[in-house]
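The numbering of the sequence shown is the working numbering, which starts it at 1 and goes up by one.
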Amino acid sequence: MLTAIKNKLIYLCLLALLFLSCKSNYISKNLDNSFYNNQFTGLLVYNPKTKDTVFKYNADKYFTPASNTKIFTLYTALQVLPAQIPAFKYGVENDTITIQGVGNPTFLHPFFNDSTALKMAKHYKNVNLVLNNLEDDKFGPGWAWEDYDTYFSPEKSSFPMYGNVVTISNQDSLQSIPNVLKDEIHLSESNKRRQFNDNTFYYNPKRRDTIEVPMVIDTTLIKQLWDDILPNKVSISKPTDKTLTHTAYSVPSDSLYKRMMLVSDNFLAEQMLILASSTLSDTLSSKRIRDSILNNQLKDLKQKPRWVDGSGLSRYNLFTPTSFVEVLTKLHNQIPQERLFNLFPVGGNSGTLKNYYSGGEKPYIYAKSGTLGNNYSLSGYLITKSGRTLIFSFMNNHYRKSTTDVKKRMQLIFEWLRDNY
1 MLTAIKNKLI YLCLLALLFL SCKSNYISKN LDNSFYNNQF TGLLVYNPKT
51 KDTVFKYNAD KYFTPASNTK IFTLYTALQV LPAQIPAFKY GVENDTITIQ
101 GVGNPTFLHP FFNDSTALKM AKHYKNVNLV LNNLEDDKFG PGWAWEDYDT
151 YFSPEKSSFP MYGNVVTISN QDSLQSIPNV LKDEIHLSES NKRRQFNDNT
201 FYYNPKRRDT IEVPMVIDTT LIKQLWDDIL PNKVSISKPT DKTLTHTAYS
251 VPSDSLYKRM MLVSDNFLAE QMLILASSTL SDTLSSKRIR DSILNNQLKD
301 LKQKPRWVDG SGLSRYNLFT PTSFVEVLTK LHNQIPQERL FNLFPVGGNS
351 GTLKNYYSGG EKPYIYAKSG TLGNNYSLSG YLITKSGRTL IFSFMNNHYR
401 KSTTDVKKRM QLIFEWLRDN Y
């Protein structure tokens with residue numbers, strides 16, 4: 001009797017191995033196609049419940065991740081930030097409030113429109129704004145200099161306002177947010193939207209859409225912006241040794257995380273790392289928080305990444321598919337699935353995946369994409385028809401074909417996993 005049961009178990013195990021082998025052969029056959037001959041591709045698919053590797057191909061090799069980097073940024077924020085985003089630190093003395101930035105990106109932001117600092121400052125005769133407590137440069141290492149006037153490349157700062165962009169529209173008349181910069185906007189058919197290092201903006205009069213153009217952030221501009229909303233109250237000073245013991249709070253943290261992930265917002269990602277660094281020191285440094293996370297919460301990664309920014313704009317970033325799967329697994333273990341999946345773009349449904357990887361009536365892909373010229377990656381969670389959750393990272397570098405064709409090839413593999421695992 002025991003022998004029969006043992007033989008049956010062996011038989012079932014062999015069937016399972018054969019089944020897995022057939023699936024692996026299908027994926028291998030797809031990746032062996034000549035389509036992939038002149039590019040670099042890596043794929044890791046992992047079952048967190050059984051802790052089995054479903055498929056592995058170049059998974060321990062380093063790739064340029066583009067916005068897949070935001071997965072590490074999300075992980076960092078979830079590790080150290082509270083349920084509501086810290087808005088700023090402050091102290092009060094008589095009729096003066098001193099406010100110091102912590103990197104919060106939501107203040108008067110076009111999407112969040114948080115006004116916590118303005119509401120509080122209105123109650124005081126004098127407002128002392130402490131700046132220059134950020135060690136980061138305005139731009140990240142390896143960012144393309146020619147992107148200085150594009151919406152996806154705003155400058156980093158310790159106390160952002162309006163998302164560090166001017167929003168320009170032209171319906172019945174030319175409009176700008178903030179309004180104080182309206183006189184600096186010139187109608188022009190120039191291909192550039194701003195002077196290289198000056199807050200002089202250009203808007204094509206033939207346009208009827210809304211554009212966002214990064215501002216040049218300096219103390220002169222910040223004073224101008226504050227004087228516009230709170231006239232004759234605000235002075236600017238450098239950091240002192242005096243500790244500000246109070247913290248004001250802004251929007252719910254998940255609303256920031258979700259916006260960053262869904263639209264792949266580079267500015268929010270960069271500021272989230274700066275914001276996270278405020279939990280370590282009053283002197284803000286995205287490098288300091290990256291090093292802290294890698295040396296502590298992520299010290300067990302099999303391949304340590306080269307991680308240089310929060311957004312993935314830099315081609316200096318180097319990550320492996322294995323590293324992404326490891327971090328996604330940590331998130332899956334630590335965060336309730338409903339909350340976690342709500343933060344990711346959904347295939348065929350929302351964010352950067354709205355037009356791709358549709359599951360029909362029921363979504364099956366919850367993942368973050370990453371796109372740079374000739375590079376496309378996708379890392380996240382795949383729900384199979386049998387109800388299993390798989391964690392994957394599919395990375396493609398240095399192709400010369402269209403990104404649409406790359407996505408179509410990836411979708412074949414995703415759909416096979418969904419239907420057959």
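Idealized CB from N, CA, C, for every residue including glycine.
Using 7 angstroms as the cut-off, classify the Cβ of residue i as near or not near the heavy atoms of the ligand FAD, replying yes or no.
| i | result |
| --- | --- |
| Leu74 | Of ligands this structure carries none, so the ligand FAD is not represented either. |
State the start and end residues of the unbroken beta strand (DSSP E) segment that holds residue i.
| i | result |
| --- | --- |
| His332 | That residue, His332, is in no beta strand (DSSP E); its alpha helix (DSSP H) goes 321-334. |
| Val166 | 165-170 |
| Leu43 | 40-47 |
Report the three-state DSSP secondary structure of residue i (helix, strand or coil).
| i | result |
| --- | --- |
| Leu343 | coil |
| Asp309 | coil |
| Leu301 | coil |
| Glu93 | strand |
| Ser379 | strand |
| Ala59 | coil |
| Tyr162 | helix |
| Asn25 | helix |
| Ala144 | coil |
| Asp52 | strand |
| Gly373 | coil |
| Asn295 | helix |
| Ser286 | helix |
| Phe152 | coil |
| Tyr36 | helix |
| Ser424 | Residue 424 is absent from the model: the chain starts at 1 and stops at 421. |
| Tyr366 | strand |
| Asn30 | helix |
| Leu18 | Because the pLDDT at Leu18 is just 48, under 50, the model does not fix this residue reliably, and the value given afterwards should be weighed accordingly. Three-state DSSP puts Leu18 in a helix. |
| Phe139 | coil |
So is residue i buried or exposed if we call it buried at 16+ other beta carbons inside 10 Å?
| i | result |
| --- | --- |
| Asp32 | exposed |
| Phe196 | exposed |
| Trp226 | buried |
| Thr64 | buried |
| Thr106 | buried |
| Tyr101 | What sits at residue 101 in the sequence shown is Gly, not Tyr. Burial call: buried. |
| Lys408 | exposed |
| Asp190 | Residue 190 is actually Ser in this sequence, not Asp. Under this definition Ser190 is an exposed residue. |
| Asp419 | exposed |
| Arg194 | buried |
| Asp309 | buried |
| His123 | exposed |
| Pro160 | buried |
| Arg339 | exposed |
| Lys299 | exposed |
| Lys385 | exposed |
| Ile413 | buried |
| His109 | buried |
| Pro252 | exposed |
First and last residue of the alpha helix (DSSP H) that includes residue i?
| i | result |
| --- | --- |
| Ala83 | Run containing Ala83: none; DSSP gives neither H nor E here. |
| Lys385 | It is not in any alpha helix (DSSP H) - Lys385 carries neither H nor E in the DSSP assignment. |
| Leu412 | 403-420 |
Would you say residue i faces chain D, with C-beta separation under 8 angstroms as the test?
| i | result |
| --- | --- |
| His186 | Looking at the structure shown, chain D is missing, and only one protein chain is on hand. |
Taking contact to mean at least 3 C-beta pairs separated by less than 8 angstroms, is the segment 382-392 in contact with the segment 84-92?
no
Pick out the complete beta strand (DSSP E) segments inside the segment 173-217, 3 residues or longer, and give them in chain order.
174-177, 185-187, 201-203, 211-214
Whether or not the segment 289-300 and the segment 173-180 are in contact is what I'm after, with contact meaning three or more pairs of Cβ atoms, one per stretch, closer than 8 angstroms; do they touch?
These segments do not touch.
Do the segment 260-267 and the segment 343-358 meet, that is, are 3 or more Cβ pairs less than 8 angstroms apart?
yes
4 or more residues per run - each alpha helix (DSSP H) lying fully within the segment 207-282
219-229, 253-262, 266-277
Does the segment 337-349 come within contact of the segment 91-99, defined as at least 3 CB pairs closer than 8 angstroms?
Cβ pair count under 8 angstroms is below three, so no.
Continuous alpha helix (DSSP H) assignments of at least 4 residues falling wholly in the segment 99-133
116-121
May I ask you to verify whether the segment 45-65 touches the segment 266-282, counting CB pairs closer than 8 angstroms and requiring at least 3?
no
Do the segment 226-243 and the segment 307-321 make contact, defined as three or more Cβ pairs closer than 8 angstroms?
Taking a contact to require three or more Cβ pairs closer than 8 angstroms, the segment 226-243 and the segment 307-321 do not qualify as touching.
At a cut of 8 angstroms, does the segment 208-217 reach the segment 51-59 through at least three beta carbon pairs?
As far as the Cβ criterion goes, the segment 208-217 does not touch the segment 51-59, which means the pair count is below three.
So does the segment 160-168 actually touch the segment 142-149, counting three or more Cβ pairs closer than 8 angstroms?
no
Whether or not the segment 115-123 and the segment 246-253 are in contact is what I'm after, with contact meaning three or more pairs of Cβ atoms, one per stretch, closer than 8 angstroms; do they touch?
yes
Between the segment 151-158 and the segment 322-337, can you find at least three pairs of beta-carbon atoms closer than 8 angstroms?
no
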